[in-house]
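Worksheet for the structure shown next.
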Amino acid sequence: MRNLLLAAVAAIALVGPASADTIKVGVVGPFSGPFAIQGKNFKAGIDAWMALNGAKVGDDDIEIVYRDIPTADPAQAKALAQELVVKEGVQYLAGFYFTPDAMAVTPILEQANVPLVIMNAATSAIVTKSPLVVRTSFTLWQTSVPMAKVAKGRGVKKVITVVSDYGPGVDAETAFTTTFKADGGEVVESIRMPLSTNDFSPIMQRVKDSGADAVFAFLPSGPTTLGFVKAYNENGVKEAGVTFLAPGDLTQESDLPALGDSALGILTTFHYSIAHDSPENKTFVEAARKAIGNPAELSFPSVGAYDGMHVIYKMIEATGGEQNAQKAVDAVKGLAWESPRGPVAIDADSRHITQNIYLREVAKAEDGTYYNKEIQTFEKMGDPGLAAVK
Ligand code: PHB
Numbered sequence: 002m003r004n005l006l007l008a009a010v011a012a013i014a015l016v017g018p019a020s021a022d023t024i025k026v027g028v029v030g031p032f033s034g035p036f037a038i039q040g041k042n043f044k045a046g047i048d049a050w051m052a053l054n055g056a057k058v059g060d061d062d063i064e065i066v067y068r069d070i071p072t073a074d075p076a077q078a079k080a081l082a083q084e085l086v087v088k089e090g091v092q093y094l095a096g097f098y099f100t101p102d103a104m105a106v107t108p109i110l111e112q113a114n115v116p117l118v119i120m121n122a123a124t125s126a127i128v129t130k131s132p133l134v135v136r137t138s139f140t141l142w143q144t145s146v147p148m149a150k151v152a153k154g155r156g157v158k159k160v161i162t163v164v165s166d167y168g169p170g171v172d173a174e175t176a177f178t179t180t181f182k183a184d185g186g187e188v189v190e191s192i193r194m195p196l197s198t199n200d201f202s203p204i205m206q207r208v209k210d211s212g213a214d215a216v217f218a219f220l221p222s223g224p225t226t227l228g229f230v231k232a233y234n235e236n237g238v239k240e241a242g243v244t245f246l247a248p249g250d251l252t253q254e255s256d257l258p259a260l261g262d263s264a265l266g267i268l269t270t271f272h273y274s275i276a277h278d279s280p281e282n283k284t285f286v287e288a289a290r291k292a293i294g295n296p297a298e299l300s301f302p303s304v305g306a307y308d309g310m311h312v313i314y315k316m317i318e319a320t321g322g323e324q325n326a327q328k329a330v331d332a333v334k335g336l337a338w339e340s341p342r343g344p345v346a347i348d349a350d351s352r353h354i355t356q357n358i359y360l361r362e363v364a365k366a367e368d369g370t371y372y373n374k375e376i377q378t379f380e381k382m383g384d385p386g387l388a389a390v391k
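If you're matching positions, the sequence shown starts at 2 in the working numbering and goes up one per residue.
This is how it looks when you write it as structure tokens:
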């Protein structure tokens with residue numbers, strides 16, 4: 002009996018009680034340079050999540066390790082991810098604003114035994130590059146298909162498309178064009194411009210000359226989207242009667258003060274408006290505004306980051322803190338919850354987020370601030386782009 006007891010005590014000592022660890026999450030994003038506000042929004046979403054849900058999962062402390070990547074730079078993204086995994090010992094990778102950066106990291110995930118939770122990068126194909134990718138943002142297919150429907154429904158007949166020439170731009174162009182044409186619309190011209198383009202006057206001239214009654218545009222949110230919408234307003238395209246149509250990247254809330262009254266009435270389709278009317282969003286916006294400091298800087302990457310943290314906390318819970326990337330990812334397949342953006346779920350097959358897409362109109366509130374007013378909902382959209390990349 003005594004021996005048995007001793008053996009039992011020895012066995013417990015060997016296995017040990019669950020010990021408290023620090024679990025590190027490596028977050029890569031643009032925290033300096035021209036896209037710094039977008040990175041600041043990642044951090045605000047993460048801070049808001051941790052302020053509302055704590056910095057622990059079970060007994061484990063959660064530590065976020067940030068790495069800065071100012072613009073799209075795949076080689077640097079891969080180097081940073083490797084450094085986070087090998088030197089910092091992160092168990093999770095997250096963030097990633099630009100598609101090329103996320104793409105560059107997918108080949109290292111399985112060997113590193115690390116899931117990648119994408120908080121922004123929005124090209125459909127990313128999730129197909131590794132079974133360890135989960136995405137909590139959106140895709141350009143998700144947002145652009147509804148815009149083609151809206152255009153058709155409002156009597157638009159001829160469209161010119163203008164996109165940045167890289168993954169999400171090509172997706173936006175393909176999604177819009179395919180859908181619009183299938184509904185009987187005509188795309189008269191498709192312009193792809195280098196990511197670095199910042200003089201849009203020549204493009205606005207081509208838009209005017211094209212004979213289109215609307216322009217559909219996508220550029221990644223940042224200084225160039227602001228420049229693009231300004232150029233549309235200031236180069237006589239609007240006066241020429243060419244309607245502006247775009248996914249919500251082009252009217253992110255942090256750009257609205259600089260656009261002013263000239264943006265009023267612009268229609269966009271997107272997964273999130275800061276003005277979304279729900280108790281969950283009210284709680285989120287309050288916490289995220291506190292985290293970001295300047296409330297006017299709050300924008301959509303914050304909600305991708307907030308929901309990304311929700312997913313990571315579920316993964317840590319499900320694995321009891323053990324490093325098992327496949328088990329972590331499997332645990333969130335089918336996970337559904339009420340996000341600040343509305344009801345969402347992680348699609349079990351694609352690991353991409355299913356969500357409502359809203360048609361919004363830029364409006365002015367009584368206090369003089371501008372916002373994206375939701376006026377129509379496309380419910381529970383998966384990613385239509387996945388059929389196209391398979
Ligand atoms: C991307 O590179 O995937 C990306 C960046 C910014 C956006 C949308 C997509 O607004």
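Note that the Cβ used here is the ideal one computed from N, Cα and C, for glycine as well.
Buried/exposed call for L265, threshold 16 Cβ in 10 Å: L265 should be labelled exposed.
Nearest candidate by alpha-carbon position, reference G168, set L220, A329, D184 and L299: The residue with the shortest Cα to Cα distance from G168 is L220.
Would DSSP call V115 helix, strand or coil? Coil, per DSSP.
For A332 and T1, the rounded distance between their alpha carbons: Because residue 1 is not part of the residues shown, which for the chain are 2 to 391, the question remains open.
Rounding to the nearest angstrom, what Cα-Cα distance links P132 and F181 in this structure? The alpha-carbon atoms of P132 and F181 are separated by roughly 32 angstroms.
Which partner residues does S340 have in the DSSP bridge list? Under DSSP, S340 takes part in a beta bridge, and its partners are G343.
To the nearest whole angstrom, what separates the beta carbons of R136 and R342, a pair I think is in contact under 8 angstroms? Contact flag wrong, Cβ pair sits at about 14 angstroms.
CB of D250 to nearest heavy atom of ligand 1: below 7 angstroms? Taking non-hydrogen atoms of ligand 1 into account, the C-beta of D250 is found less than 7 angstroms away from one of them.
Helix or strand or just coil, what does DSSP make of R207? DSSP places R207 in helix when its eight states are reduced to three.
Environment of S125 [buried if 16+ CB atoms lie within 10 Å]: Its Cβ being crowded by 16 or more others within 10 Å, S125 is buried.
Between the C-alpha atoms of S340 and D210, what's the straight-line distance to the nearest angstrom? One alpha carbon belongs to S340, the other to D210, and they sit about 43 angstroms apart.
With respect to 7 angstroms, is the separation between the Cβ of V168 and the closest non-hydrogen atom of ligand 1 below this value? Sequence inspection shows Gly at residue 168; the Val mentioned does not correspond to that position. Correct: G168 has its Cβ closer than 7 angstroms to ligand 1.
Cβ-heavy atom distance, S222 to ligand 1, below 7 angstroms: It does: the Cβ of S222 is within 7 angstroms (strictly closer) of some heavy atom of ligand 1.
Taking the continuous alpha helix (DSSP H) assigned at Y1, which residues delimit it? Shown here, the chain extends from 2 to 391; a query on residue 1 therefore has no answer.
Tell me the rounded alpha-carbon separation between G90 and D214. Taking the straight line joining both Cα atoms gives about 54 angstroms.
Other residues of its chain near D262: CB distance less than 8 angstroms, five sequence neighbours each side excluded: Short of 8 angstroms from the beta carbon of D262, and not among the five residues preceding or following it, lie these beta carbons of its own chain, in chain order: K365.
Rounded to the nearest angstrom, what separates P396 and N121 at their Cα positions? There is simply no residue 396 to check, as the chain begins at 2 and stops at 391 in what is shown.
Distance between T72 and A11 (C-alpha atoms, nearest Å): With a pLDDT of 47 at A11, under the threshold of 50, the predicted position of this residue should be treated as unreliable, though the coordinate-derived value follows. Each residue's Cα considered, the two are about 54 angstroms apart.
With C-beta atoms as the reference, is V188 less than 8 angstroms away from T162? Yes, Cβ-Cβ distance for V188 and T162 is below 8 angstroms.
Using the C-alpha atoms, what's the distance from K239 back to D200? D200 and K239 have their C-alpha atoms roughly 17 angstroms apart.
Determine the burial state of R33: buried for a count of at least 16 other Cβ atoms within 10 Å of its Cβ, exposed for fewer. The amino acid occupying residue 33 in the given sequence is Ser; Arg does not appear at that position. Classification for S33: exposed.
Any chance the CB of T129 is under 7 angstroms from a heavy atom of ligand 1? For T129, the shortest separation between its Cβ and any heavy atom of ligand 1 does not lie below 7 angstroms.
Using a threshold of 7 angstroms, is the CB atom of F245 nearer than that to any non-hydrogen atom of ligand 1? F245: no, Cβ never under 7 angstroms from ligand 1.
Select from A329, K158 and D348 the residue whose C-alpha is nearest the C-alpha of W338. Considering only A329, K158 and D348, the residue with the shortest C-alpha distance to W338 is D348.
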